[in-house]
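A quick write-up on the structure given underneath.
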Amino acid sequence: MTPIYFVVAILGCADGNVDCREARIAPARYETMAQCKADLAPQLARNTDVPFPVIGADCRAEGVRFADGTAKARRG
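Each position in the sequence shown, counted from 1, maps to that position plus 1037 in our numbering.
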């Protein structure tokens, strides 16, 4: 089983910070969300070559996730 890890997604946005989309994933992996968030600003500074007028960064969980079986199905 592959563990869950966190990555920094570099986002490219149109003017006004709208219509954002993932431009790339930074190569670093983090064990916790806190470690990832602590590295957002440095990762953003290293990825300023993205061809969008506005760029941003966000942490995302990656890896294999399994359902724990405790969630109840929604009924309409």
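Beta carbons: idealized from backbone N, C-alpha and C, even for Gly.
Where the beta strand (DSSP E) containing residue i begins and where it ends
i, result
"R1058", "V1055 to I1062"
"A1098", "V1091 to E1099"
Between the CA atoms of residue j and residue i - distance to the nearest angstrom
i, j, result
"P1079", "C1057", "20 Å"
"E1099", "Y1042", "5 Å"
"D1052", "V1091", "6 Å"
"A1065", "C1050", "22 Å"
"V1101", "P1040", "6 Å"
"N1054", "V1044", "21 Å"
From the options, residue whose alpha carbon lies closest to that of residue i
i, options, result
"N1084", "G1053, E1059, G1100 and A1063", "A1063"
"V1087", "C1073, Q1072, A1065 and L1048", "L1048"
"L1081", "P1040, V1044, A1094 and V1101", "A1094"
7 Å Cβ cutoff met for residue i and residue j
i, j, result
"P1046", "R1097", "Before going further, note that residue 1046 is Ala rather than Pro in the sequence given. Contact flag set, yes."
Within-7 Å CB hit, residue i to chain E
i, result
"P1090", "The question asks about chain E, but that chain is absent: this structure has only one protein chain."
Range covered by the alpha helix (DSSP H) that runs through residue i
i, result
"A1046", "Not the alpha helix (DSSP H): A1046 falls in the beta strand (DSSP E), residues Y1042 to A1051."
"P1079", "L1077 to R1083"
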